[in-house]
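Asks:
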Amino acid sequence: MILNEEQLLLRNTVADFLNKEAPIEALRMLRDKADAPAWEPELWRGLCELGAPAAAQPEEQGGLGFGAMGMGAIMIEVGRRLSASPLLSSAIFAQAVIRECGSAQQIGQLLPDLLSGDAVATVACQEGTHFEAETIRCFRENNQLTGCKNLVIDAASADYLLVTALDRQGHLCIGRIAIDAPGVAITPRQLMDGRQYGSVSFTHATVEEWLEGEQVVSGFARALDETTVMLSAEMLGGSRELLERTVAYLQEREQFDVKIGTFQALQHRLAQAYCQLELAAASVYAAMNALDSAADNLAQYASRAKTLTGDIYQHLSNEAVQMHGGMGVTDEMDIGLFLKRSRVCNQLLGDSAYHKDRFATLRGC
Amino acid sequence: MDERDLFRQEVREWLETHCPVSQRQPIVREEQIWAGSQATFPSADAQAWFEAMRDRGWTAPSWPAEYGGGGLDPDQARILEQEMARLRCRPPLYDMGLWMLGPALLAYGSPEQKATHLPRIVRGEVRWAQGYSEPGAGSDLASLSTRALDAGDHFVVSGTKIWTTRADVADWIFCLVRTDADAPKREGISFLLIDMHSQGVSTRPIALISGESEFCQTFFDEVKVPKANLVGELNEGWAVAKELLKHERKLMATMESITEKVDVGLVELAKSRLAVTDQGRLANADLRARLAEHLMQADALSDLNELIYRGMKAGQLNPALPLTLKYIGTHEQQRKDELMLEILGADGLSMMSDTPELDRMVRNWAYNKAHTIAGGTSEIQLNIIARRGLGLPE
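For the record, the sequence lines run as chains A and B.
Per our numbering, the first sequence runs over residues 218 to 582.
Per our numbering, the second sequence runs over residues 9 to 402.
1. Given a threshold of 16 other Cβ atoms within 10 Å of its Cβ, counted over all protein chains shown, does B/Gly383 qualify as buried or as exposed?
2. Please check if any C-beta of chain A sits within less than 8 angstroms of the C-beta of B/Thr380.
3. Relative to the C-alpha of B/Ile214, which candidate in B/Thr154, B/Ala68, B/Arg86 and B/Ala175 has its C-alpha closest?
4. With the cut-off set at 8 angstroms, would you say B/Lys232 and B/Ser206 are in Cβ contact?
5. How is B/Ile214 classed by DSSP in three states: helix, strand or coil?
6. Please report how far the alpha carbon of A/Arg406 lies from the alpha carbon of A/Leu332, in whole angstroms.
7. Less than 8 angstroms between CB atoms is the rule here; does B/Gly117 satisfy it with respect to chain A?
8. Would you identify the three-state DSSP class for B/Gln225, choosing helix, strand or coil?
9. Relative to the C-alpha of A/Arg560, which candidate in A/Arg580, A/Thr524 and A/Leu227 has its C-alpha closest?
10. Taking just the CA atoms, how far does B/Cys224 sit from A/Gln517?
11. How would you list, in chain order, the residues of chain B whose beta-carbon sits under 7 angstroms from the beta-carbon of A/Cys582?
12. Here's the rule: buried if 16 or more other CB atoms are within 10 angstroms of the residue's CB, otherwise exposed. What is A/Gly542?
13. Quick check on the DSSP output: the alpha helix (DSSP H) that includes B/Phe58 runs from which residue to which?
14. For B/Gln305, return the contacting residues in chain A, with the cut-off set at a CB-CB distance below 7 angstroms.
15. If B/Gly110 sits next to B/Ala68, beta carbons under 8 angstroms apart, how far is it from one beta carbon to the other, in whole angstroms?
16. Between the segment 139–155 of chain B and the segment 89–105 of chain B, do at least 3 Cβ pairs fall closer than 8 angstroms?
17. Taking only beta-carbon atoms, is B/Gln46 less than 8 angstroms away from chain A?
18. In chain order, what residues of the same chain lie with their CB nearer than 7 angstroms to the CB of A/Tyr414, ignoring the 5 residues before and after it?
19. Where in the segment 283–370 of chain A do unbroken runs of the beta strand (DSSP E), each at least 3 residues long, occur, reported from the N-terminal end onward?
20. Just grab the DSSP bridge partners of B/Pro234 for me.
21. If contacts are defined as beta-carbon pairs under 8 angstroms, then B/Leu312 and A/Glu495 qualify, I think. What distance do you get, rounded to the angstrom?
22. How about A/Ala499 and B/Ile393: do their beta carbons lie closer than 8 angstroms?
23. Is the shortest distance between the beta-carbon of B/Glu350 and the beta-carbons of chain A less than 8 angstroms?
24. Could you tell me if B/Ser265 is buried or exposed, where buried requires 16 or more neighbouring beta carbons within 10 angstroms of its beta carbon?
25. Just mark B/Met9 as buried or exposed, buried being the case when its beta carbon has 16 or more other beta carbons within 10 Å.
26. Using the C-alpha atoms, what's the distance from B/Arg186 back to B/Lys193?
27. What do you get for A/Asn359, buried or exposed, if any count of 16 or more other CB atoms within 10 angstroms of its CB means buried?
28. Is there contact here, the segment 193–204 of chain B with the segment 243–255 of chain B, by at least three beta-carbon pairs under 8 angstroms?
29. Could you tell me whether the Cβ of A/Tyr491 comes closer than 8 angstroms to any Cβ of chain B?
30. Check for me: the alpha helix (DSSP H) holding B/Ala278 runs from which residue to which?
31. Nearest by alpha-carbon distance to B/Ala374: which of B/Leu152, B/Gly337 and B/Asp345 is it?
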């Protein structure tokens with residue numbers, strides 16, 4: 218449940234790199250650019266040179282073998298700096314879908330380019346507020362796919378999409394579709410976090426190949442849970458950063474001739490938030506550990522991690538704005554960027570209410 | 009198999025042999041074995057279990073063997089704990105001396121004090137009470153006014169202590185007393201061990217909202233206490249007290265596992281009493297969501313404990329982390345109690361029904377209100393977390 222020597226080293230290396238190449242100002246510049254790319258190519262190249270997209274994958278499969286614990290440590294650092302890159306969409310989600318749902322041949326052909334970062338893929342699986350296998354309205358017809366997906370991360374900037382669909386028998390399968398394939402229409406949207414998402418409609422869109430077979434249902438569920446855990450790690454990083462920035466501000470800001478951090482009303486609110494933060498952190502580490510040890514109740518771990526990090530990220534972002542006073546509502550302060558990112562993260566891959574409900578069902582409530 | 013595995017196997021076999029089946033179920037308050045000259049055993053099985061553990065020194069597994077303890081290292085102690093949990097063995101002995109005084113004596117006691125008191129604690133021969141709070145000194149403990157006057161070879165102690173757990177049956181009490189009235193608050197306090205059978209000691213039980221009276225007020229009327237009973241240096245009792253409070257905080261955080269184990273199984277309780285949908289879910293969606301929240305928090309707390317343990321072992325523990333446990337643990341327990349009461353509905357409103365199990369649950373709900381007050385109130389905990397944990401200014 219805690220990082221080993223190698224994982225600590227990896228985390229520190231990535232943190233140093235991000236401090237230099239992707240501090241929060243980088244997100245600001247990205248956000249304010251006219252064409253608003255999903256990420257800076259320079260930054261992504263640097264991350265790939267460090268091996269970040271291959272961090273989790275075992276060495277015998279061409280990865281660096283740091284496991285989910287290692288990738289989670291990276292995502293916490295990413296969350297602290299709001300660094301924009303396709304780590305979540307491609308290096309985590311798309312990789313997991315191919316690894317868990319693909320045939321040996323597909324894995325051999327597709328995974329290496331995602332591990333090196335030479336290719337970027339994203340997963341289109343959401344039609345409402347979260348993925349629900351029972352309500353999919355994207356259908357497979359021979360080598361074509363028809364239907365719509367929303368909130369696809371980095372949609373317009375990826376090389377290809379992995380799209381969940383049902384075949385004629387109602388079985389879940391996943392179509393690999395190039396973004397410029399005939400029949401694909403992407404409506405890109407920059408959301409309040411400054412990042413790029415897209416709604417995608419498929420009209421008899423040409424599918425390069427299908428990931429299909431018995432393993433797809435459980436494999437996709439696992440890939441989704443894995444991504445949920447990694448997103449939770451990012452949210453944990455953001456929450457920690459908010460707490461630390463707020464504590465620092467309270468140590469320095471003076472009113473009534475004293476540091477405002479001496480006020481018990483503020484101290485107790487932050488202490489309570491800190492308790493909740495550490496419960497969320499323990500849940501994230503336990504979930505990363507569950508991934509690495511192939512625990513059979515991964516879904517419970519994932520839903521708990523997402524709910525607790527979602528709730529504390531939202532709460533701490535509100536508290537941080539309030540405790541920064543008037544400065545907290547200015548765009549000049551970074552607090553607002555975390556506030557907005559927290560709301561987007563809460564919606565991605567199912568919000569707290571959804572995950573709480575799923576957890577309740579899993580626990581027989 | 010490495011040493012640890014061998015030890016685990018040995019422990020498992022030993023427990024299988026020595027823990028009677030009747031002692032492998034959740035503990036209820038009436039069947040707890042409290043130490044002391046007035047100790048009683050609810051059954052022959054309970055006595056056999058206690059004696060077996062006592063004879064191995066496993067009533068105090070990690071204390072040094074020279075004082076009668078088990079002499080286990082932290083890993084071994086944890087293995088014993090895990091194996092006992094696995095078999096659901098009841099705690100063999102209950103005593104404040106075991107939980108709090110012992111660790112403080114190990115750190116601050118003289119060789120004579122350790123040799124005199126520790127073995128008797130391990131063997132459960134003496135029941136200890138804690139004399140900290142006073143009617144005028146609660147959260148502001150350092151303002152205590154029970155005084156010990158120097159009378160040559162002994163002190164003369166006068167004053168009163170409150171919330172002394174079962175002082176009416178205790179044999180000894182460890183007390184904070186004022187030995188220098190002129191020094192600043194924290195610098196005039198000493199730590200004294202007092203024989204409750206001494207002339208001038210009297211007690212009065214306090215009735216609680218749970219219908220019980222576990223706590224007493226204890227009065228000292230010119231009680232003679234030998235100077236050999238001073239722990240640590242004169243006027244430096246605050247350091248001993250702080251050491252001891254650390255153990256109390258730890259204890260309070262795990263209160264649920266040590267005290268009453270009515271393992272309520274809230275989900276089962278709710279489903280057996282309330283409407284359930286065709287899909288087998290609780291029909292009350294609001295309650296269902298709050299139950300899920302509680303279960304998540306409880307799981308997270310157990311992961312946090314694990315994380316702290318592993319962090320400590322690897323030497324990379326953030327010292328702020330353990331400060332959170334008492335606050336989190338006691339509040340989660342109360343949330344659970346409230347959910348239980350809500351699920352019981354009108355059936356949970358009597359403390360004197362004809363279902364003892366139900367009564368016990370309801371009494372616990374009331375009793376556990378003390379957990380966020382005793383051992384440092386939640387508000388004091390938050391002060392500590394904010395200042396020592398987060399580094400906010402005093």
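Ideal Cβ placement from N, Cα and C applies to all residues, glycine included.
Keep in mind the model is a prediction, meaning the values are calculated, not measured.
Replies: This is what the structure holds:
1. Taking the second sequence and counting its residues from 1, one reaches residue 383 of chain B at position 375. Residue burial annotation: B/Gly383 is buried, with at least 16 other C-beta atoms found within 10 angstroms of its C-beta.
2. Position 372 of the second sequence, counted from the start, is the residue given in the question as residue 380 of chain B. Judged by the 8 angstroms Cβ criterion, B/Thr380 is not in contact with chain A.
3. Residue numbering aside, residue 214 of chain B sits at position 206 when the second sequence is read from its first letter. When each option's Cα is compared against that of B/Ile214, the closest is B/Ala175.
4. Numbered from its first residue, the second sequence carries residue 232 of chain B at position 224. Numbered from its first residue, the second sequence carries residue 206 of chain B at position 198. Taking 8 angstroms as the Cβ cut-off, B/Lys232 and B/Ser206 qualify as a contacting pair.
5. Position 206 of the second sequence, counted from the first residue, corresponds to residue 214 of chain B. Note: B/Ile214 maps to strand in three-state DSSP.
6. In the first sequence, residue 406 of chain A corresponds to position 189, counting from 1. In the first sequence, residue 332 of chain A corresponds to position 115, counting from 1. Taking the straight line joining both Cα atoms gives about 27 angstroms.
7. Here the question's residue 117 of chain B lines up with position 109 in the second sequence. With 8 angstroms as the cut-off, B/Gly117 does not count as an interface residue toward chain A.
8. Numbered from its first residue, the second sequence carries residue 225 of chain B at position 217. In the structure shown, B/Gln225 adopts extended strand secondary structure according to DSSP, grouped into three states.
9. Taking the first residue of the first sequence as 1, we reach residue 560 of chain A at position 343. The candidate whose alpha carbon is nearest that of A/Arg560 is A/Thr524.
10. For the purposes of this step, residue 517 of chain A is taken as the residue at position 300 of the first sequence. For the purposes of this step, residue 224 of chain B is taken as the residue at position 216 of the second sequence. A/Gln517 and B/Cys224: Cα-Cα distance of roughly 45 angstroms.
11. Here residue 582 of chain A is taken as the residue at index 365 of the first sequence, counted from 1. What A/Cys582 touches in chain B: Val275, Arg289, Leu290, Arg296, Leu299 and Ala300.
12. Position 325 of the first sequence, counting from 1, holds the residue named residue 542 of chain A. Exposed, because fewer than 16 other Cβ atoms sit within 10 Å of the Cβ of A/Gly542.
13. Indexing the second sequence from 1 puts residue 58 of chain B at position 50. Where B/Phe58 is concerned, the enclosing alpha helix (DSSP H) stretches over Ala52 to Arg64.
14. In the second sequence, residue 305 of chain B corresponds to position 297, counting from 1. Residues of chain A passing the Cβ test: Leu496.
15. Within the second sequence, residue 110 of chain B is the residue found at index 102, counting from 1. Within the second sequence, residue 68 of chain B is the residue found at index 60, counting from 1. B/Gly110 to B/Ala68, Cβ: 6 angstroms. Contact.
16. no
17. Position 38 of the second sequence, counted from the start, is the residue given in the question as residue 46 of chain B. No, no contact with chain A.
18. As a first step, residue 414 of chain A must be located in the first sequence, where it is residue number 197. Excluding residues within five positions, the ones whose Cβ falls inside 7 angstroms are Leu368, Val369, Ile370, Ala372, Arg406 and Leu408.
19. 338–341, 356–358 and 361–370
20. The residue labelled residue 234 of chain B in the question sits at position 226 within the second sequence. In DSSP, B/Pro234 forms a bridge with B/His162.
21. Position 304 of the second sequence holds residue 312 of chain B. Position 278 of the first sequence holds residue 495 of chain A. Beta-carbon to beta-carbon, B/Leu312 and A/Glu495 are separated by about 6 angstroms, close enough to satisfy the 8 angstroms threshold.
22. By 1-based counting over the first sequence, the position of residue 499 of chain A is 282. By 1-based counting over the second sequence, the position of residue 393 of chain B is 385. No. Outside cutoff.
23. One-based indexing of the second sequence puts residue 350 of chain B at position 342. Not an interface residue.
24. By 1-based counting over the second sequence, the position of residue 265 of chain B is 257. Confidence at B/Ser265 is low in this model, with a pLDDT of 48, below 50, so the placement of that residue should be treated as unreliable; the coordinate-derived value is given next. It counts as exposed.
25. As a position in the second sequence, residue 9 of chain B is number 1, starting the count at 1. Flag for B/Met9 reads exposed.
26. Taking the first residue of the second sequence as position 1, residue 193 of chain B is located at position 185. Taking the first residue of the second sequence as position 1, residue 186 of chain B is located at position 178. When rounded, the distance between both Cα atoms is 9 angstroms.
27. Within the first sequence, the letter at position 142 stands for residue 359 of chain A. A/Asn359 should be labelled exposed.
28. yes
29. By 1-based counting over the first sequence, the position of residue 491 of chain A is 274. Yes, A/Tyr491 lies at the interface with chain B (some Cβ there is under 8 angstroms from its Cβ).
30. Within the second sequence, the letter at position 270 stands for residue 278 of chain B. Secondary structure note for B/Ala278: its alpha helix (DSSP H) is the uninterrupted segment Leu274 to Arg281.
31. If you number the second sequence from 1, residue 374 of chain B lands on position 366. Selected option, being the one with the closest Cα: B/Asp345.
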